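Structure first, then comments.
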Amino acid sequence: MFKNTSLQFRLVALFVLFAILPASAGGVVSLYMNITAAREDMAHDNGIFAAQLGSEIKRLLDDSQGLVEALAASPTAQSMDGASVTDMIIAAQQRNPLFELIFVMDSTGMQIARTSGKLANRGDRAYFLEAVKGNTYFTDTYISAFTNAPTVTVSTPIRNKSGAVIGVFAADISLKALADIVAKVKIGENGYLDIVDNKGTVIYNPVNERVINKESFAALEYVKQVMQGKAGNMEAVSSRGDKTIAAFAPIDKYGWGVVIYQPVNEAYRTLISTTLIVLVVVILAVVAAGLTAFYIARNITKPLQNLVVVSRAVAQGDLTQSIAVGGISEVRNLAVAFEQMTTALRQIIVQTRNTADSVAAAAEELAASSGEVGKATEEVAIAIQQVSEGATRQVQLSGHSTAAITGMVTNTAQTATAAQAVAQASSKSEQAAEWGKGQIDDAVNRIEQIRQQVDQAAAMIYALGDKSRQIGQIVDLITNI
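The working numbering puts the first residue of the sequence shown at 46, with every later residue one more than the last.
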């Protein structure tokens, strides 16, 4: 990818990459930690709110129980006088609208007073049967026929001064008021809450039809845990099918529970600003790294580009170029070394030129020497020609000598013949012998001349050989140059 790219581009790319990697890594880590923290904060806050709301509901029920027990222990209730008790419970209801109905029963379950409606026998109801045993009792939630709202009945025994149970004091506590209060609570943008009883039946939900229909959420894991008295949070599908963070807290003593739901994406919605900040920081880091890399790369590549221009000029033979040294120390060192190299090249060229001039002068001298050698060669050739002519003359002289010797032999033969006729021509023999002796002396003289001429020719040939060696040495010197 970077094979054919410039050094400046590579430096900028590397700086930007090294800026992106740590900034991105830090941003991702920060974002992850923020996401985790946001989720934990949401779950923690909703868990606290669920616990607080559960405490308020418990306090409300406890206060209602305490008021019922206080009314049951009053002298008016102990008197079991219907009219007096009726006045008391009507006044109590007016001061506490949470009570939908207040009624008092005797030991048989027959109502002797109630705030509204007709008196009836409730001796078969669980709240009577448990209270007449001497216990305060809360019924399971149910939908009131009067208000069509979830309701719970609390009952407690009425005792006389000796402590014997003489009746039951009971009140229907409407949870509609509780629902009205809870409905005003806003949880995030799209969050909501459920309240379930000890069986997992919903007693509050934003959709009232689900409450009226007494839908059960007991199968949901967080509802199971809250019915076991556990508090906590988890990512789970809400009761309406959303992916949420469910925070739950039990309502102690009653086995009820509060579950608060908030969509998961709301937890991360708060991170948008953080993410934008991280992105801005990354972008600024990249821009700063790019500018820094561009500045540094320019300080490196510009002197190198100048070196390239000068190198090309030097390659074309222009050794007059000079380099303006600048940039980082390494590049300056390179420029200085290149300048030194150029100076050395100029010196080498000057030395080469001087050497060439010397060689040219030597060549001229060699040319002159070659002329002299040529003359010497001509002289040698003339000498050889002279030797040849002398040799020819010697051959001719040898021929004459041979002829003379032949004649001498002939004469000797004639002398021998004449010797046979000594008697006939003794005077002629003496004359012929004298003449033969003269001829022999002449032949010996001629042979001595030939020997001397041959010696002279040998000396000349030796001198010629010496000159030939000198010529060979000169030729070798020229060849080596």
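Beta carbons are placed, not taken as given, at the ideal position from N, Cα and C, and that holds for glycine.
If you're wondering where the values come from, they're calculated on a predicted model, not measured in any experiment.
- Item | In DSSP terms, what P308 is bridged to | T289
- Is it right to say V130 is buried, meaning 16 or more other beta carbons lie within 10 angstroms of its own, or is it exposed? buried
- Task: Report the rounded CA-to-CA distance for V395 versus V57, giving the unit in angstroms.
- Result: 44 Å
- Beta-carbon separation of S219 and T181 under 8 Å? no
- Message: Extract the residue ranges of the alpha helix (DSSP H) inside the segment 227-308, only unbroken runs of 4 or more that lie entirely within it.
- Response: 253-257 and 266-272
- Query: Do the segment 285-300 and the segment 221-228 touch if we need at least three Cβ pairs shorter than 8 Å?
  - Reply: no
- Task: For my contact list, F262 and G286 are in at a C-beta cut-off of 8 Å; report their separation, rounded to the angstrom.
- Result: In fact, because the Cβ distance is near 12 Å, the residues do not count as touching under 8 Å.
- Message: Taking its Cβ as the centre, do 16 or more other Cβ atoms sit within 10 Å of N490, making it buried, or is it exposed?
- Response: exposed
- Tell me whether the beta-carbon of V282 lies closer than 8 Å to the beta-carbon of K288. yes
- Rounded straight-line distance, which links the Cα of V241 to that of V268: 8 Å
- Item | Through-space distance from K178 to D132, alpha-carbon basis | 26 Å
- Look at L116 and A137 and say whether their C-beta atoms are less than 8 Å apart. yes
- Item | CB contact flag (M279, A264, <8 Å) | no
- Item | Cβ pair count under 8 Å reaching 3, the segment 108-122 against the segment 194-205 | yes
- Message: Residues in the same chain with beta-carbon distance under 6 Å from L164, minus the five sequence neighbours each way, listed in chain order, please.
- Response: Q156
- Return the first residue and the last residue of the beta strand (DSSP E) that S129 is part of. Unbroken run through S129 is the alpha helix (DSSP H), G127 to R140; no beta strand (DSSP E).
- Message: Could you compute how far the alpha carbon of V332 sits from the alpha carbon of L62?
- Response: 11 Å
- Query: Considering only residues of the same chain and omitting the five flanking positions on each side of V309, which have a CB-CB separation below 8 Å?
  - Reply: R84, E280, K288, T289 and I290
- Item | Range of the contiguous alpha helix (DSSP H) that encloses A338 | I317 to A360
- Item | Spatially closest choice to D217 from D126, L98, D402 and L106, by CA coordinates | L106
- Query: According to the Cβ coordinates, are G154 and R140 closer than 8 Å?
  - Reply: no
- Determine the burial state of Q111: buried for a count of at least 16 other Cβ atoms within 10 Å of its Cβ, exposed for fewer. The sequence shown places Gly at residue 111, not Gln. G111 is exposed by the Cβ-count criterion.
- Cβ atoms of G127 and A158: under 8 Å apart, would you say? yes
- DSSP-derived helix/strand/coil call for A194: coil
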